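Undergrad: Protein chains in written order, with our numbering: chain A, 1 to 259; chain B, 260 to 484.
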């Protein structure tokens, strides 16, 4: 192994993706034919008073089969941001790993973090690079949520397959159950939601998505598998503990039972 | 046709070593000390933006003295090498020893065949799960790697500062004692250094992924008090 050094004109700067390309390790490769791979499904993010909440179910499907019941589709990107994905699981996880590394790499190279919008822009560039693979069925559609310390507020984005980047003011949902989750959020969302109310609303949205969409996983009381959920505030990323999620979902279950 | 003068290799190496040594001696020294809670690195550096100490990877820090543009290029190379290795294999596969060897190769090559030797001295530090696991690799301007034990001093006054540190080591295993000893050794008997003159960073022996941490301003004064 040798210390990577570059001539003045071909220096990749603080970009980890460019570094990989310059070293002959391009991370974006399209297959020649359409392939059947596991897919992740419903994820959502919303703003609440003091930050943002990001959540997603745990199921991955390949065709009509359940491929995994405990996939982590919602991950922390850095201290003040997180990303969730729907779409082809393999390329999605690879892209998220690359995205996390890119943020950390930039921070180490430049001695400070990217702005939140800069991070969203990076993700958008990666989706654009993945276009050829997306045309072959390996679509990666993330959503990005974070807290910007500079303006003291949370922001959320969703993306389209061309890398289009759309900042939303209230909430975003993605994946096959996204429409149903979105309806619940649309009815229940208020700008004054506090953390607890936001958690309850997100659980409700995921529950309804799982009821209507076969590719979205329900909370699994039997195996104690609950959706991944986290809040991002001025203090950074904080996972919502399983015990709290269990209480909320038991509440929803009871409410449905007595309808 | 003109013939180049014959210069004996001993003379050539000595001239190059003198040149590098002089360049390094112009700057201030730097101290790294192991303690119970990790490794603390202290540099005399009045600038808060041009860093001598920085993060390379989860458990690995980089520190240097000498010419800023030269060691900053080496730092960037190290971050790139480490991040690429971690991406291709696993984060656990990135370790200070291999990085120190890569630095030694690069610096050694520049010393013998470059236009001029690099006027830098480097430290690659890695924090372990206990003090046994701590590593301090000291790489000198000609590419020699020394695996230092307990503490490490870089810079023109290294011998003097080392002697002071050996005579007046830290009072106990705490971070505060290590920092006090390091600052006293850097300052010597005739000067006092405050947080404004210092750049302090730690590799923390904690249960988390990224162990590198800067200690700045009031926090330094608090530890020195």
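For each residue, glycine too, the CB sits at the ideal point set by N, CA and C.
This one's a predicted model, so the numbers in the text were calculated from it and none came from an experiment.
Where does residue 221(A) land, buried or exposed, given buried means 16+ other C-beta within 10 angstroms?
TA: Taking the first chain and counting its residues from 1, one reaches residue 221(A) at position 221. Its Cβ having fewer than 16 others within 10 Å, residue 221(A) is exposed.
Undergrad: Listing by chain order, which chain A residues have their CB less than 7 Å from the CB of residue 342(B)?
TA: For the purposes of this step, residue 342(B) is taken as residue 83 along the second chain, with counting starting at 1. Result: 16, 101 and 105.
Undergrad: Under the rule that 16 or more other beta-carbon atoms within 10 Å means buried, what is residue 196(A), buried or exposed?
TA: Counting from 1 along the first chain, the entry for residue 196(A) is found at position 196. With fewer than 16 other Cβ atoms within 10 Å, it is exposed.
Undergrad: Consider the Cβ of residue 4(A): report whether some Cβ of chain B lies at a distance smaller than 8 Å.
TA: Taking the first chain and counting its residues from 1, the one referred to as residue 4(A) is at position 4. Interface residue, yes.
Undergrad: Would residue 111(A) count as contacting chain B if we go by Cβ distances under 8 Å?
TA: Against the first chain, residue 111(A) aligns to sequence position 111. So yes, residue 111(A) belongs to the interface.
Undergrad: Interface residues of chain B around residue 153(A) at Cβ under 7 Å?
TA: Within the first chain, the letter at position 153 stands for residue 153(A). Within 7 Å Cβ-Cβ: nothing; residue 153(A) doesn't reach chain B, min ~26 Å.
Undergrad: Could you have a look at residue 213(A) and say whether DSSP puts it in helix, strand or coil?
TA: Position 213 of the first chain, counting from 1, holds the residue named residue 213(A). Three-state result, residue 213(A): coil.
Undergrad: Just to confirm, are residue 44(A) and residue 55(A) a CB contact at a threshold of 8 Å?
TA: For the purposes of this step, residue 44(A) is identified with residue 44 of the first chain, where counting begins at 1. For the purposes of this step, residue 55(A) is identified with residue 55 of the first chain, where counting begins at 1. Result yes, Cβ atoms of residue 44(A) and residue 55(A) sit closer than 8 Å.
Undergrad: Which same chain residues end up closer than 7 Å to residue 205(A) when comparing Cβ atoms and leaving out the 5 residues on each side of it in sequence?
TA: What you label residue 205(A) is simply residue 205 of the first chain in a count that begins at 1. Taken in chain order, the residues that qualify are 44, 181, 184 and 185.
Undergrad: Quick one: which residues of the region 307-320 of chain B get their C-beta closer than 9 Å to a C-beta of chain A? List them in chain order.
TA: Listed in sequence order: 308, 310, 313, 314, 315 and 316.
Undergrad: Just to confirm the assignment, what range does the beta strand (DSSP E) spanning residue 17(A) have?
TA: The residue labelled residue 17(A) in the question sits at position 17 within the first chain. Careful: residue 17(A) lies outside any beta strand (DSSP E), inside the alpha helix (DSSP H) at 16-22.
Undergrad: Residue 362(B) versus chain A: which residues are under 9 Å apart at the beta carbon?
TA: Within the second chain, residue 362(B) is the residue found at index 103, counting from 1. Neighbours of residue 362(B) on chain A, chain order: 3.
Undergrad: If distances are taken between C-alpha atoms only, which option among 458(B), 324(B), 276(B) and 357(B) comes closest to residue 379(B)?
TA: Against the second chain, residue 379(B) aligns to sequence position 120. Out of 458(B), 324(B), 276(B) and 357(B), 324(B) has the C-alpha closest to the C-alpha of residue 379(B).
Undergrad: The alpha helix (DSSP H) with residue 107(A) in it runs from where to where?
TA: Counting from 1 along the first chain, the entry for residue 107(A) is found at position 107. Counting along the chain, the alpha helix (DSSP H) containing residue 107(A) begins and ends at 89-110.
Undergrad: Within 10 Å of its beta-carbon, does residue 271(B) have 16 or more other beta-carbons around it, so buried, or fewer, so exposed?
TA: Position 12 of the second chain, counted from the start, is the residue given in the question as residue 271(B). So residue 271(B) counts as exposed.
Undergrad: Considering just the uninterrupted stretch of the alpha helix (DSSP H) at residue 278(B), what are its terminal residues?
TA: The count along the second chain starts at 1 and reaches residue 278(B) at position 19. Per DSSP, residue 278(B) belongs to the alpha helix (DSSP H) from 268-284.
Undergrad: Report the CB separation of residue 421(B) from residue 412(B) in whole angstroms; it is logged as a contact under 8 Å.
TA: Counting from one through the second chain, the residue named residue 421(B) turns up at place 162. Counting from one through the second chain, the residue named residue 412(B) turns up at place 153. Confirmed, Cβ separation roughly 5 Å.
Undergrad: Are the C-beta atoms of residue 278(B) and some chain A residue less than 8 Å apart?
TA: Reading the second chain from its first residue, position 19 is the one you call residue 278(B). No, residue 278(B) does not count as interfacial toward chain A.
Undergrad: Starting from residue 45(A) and walking both ways along the beta strand (DSSP E), at which residues does that stretch end?
TA: Locating residue 45(A) in the first chain gives position 45, counting from the first residue. Run containing residue 45(A): 43-48, per the beta strand (DSSP E) assignment.
Undergrad: Near residue 207(A), what residues of its chain come up, given a Cβ to Cβ distance below 6 Å and the 5 sequence neighbours on each side ignored?
TA: Residue mapping note: residue 207(A) aligns to position 207 of the first chain, counting from 1. 252, listed in sequence order.
Undergrad: Between the beta-carbon of residue 460(B) and the beta-carbon of residue 359(B), is there less than 8 Å?
TA: Looking up residue 460(B) in the second chain gives position 201. Looking up residue 359(B) in the second chain gives position 100. Their beta carbons are not under 8 Å apart, which means residue 460(B) does not touch residue 359(B) by this criterion.
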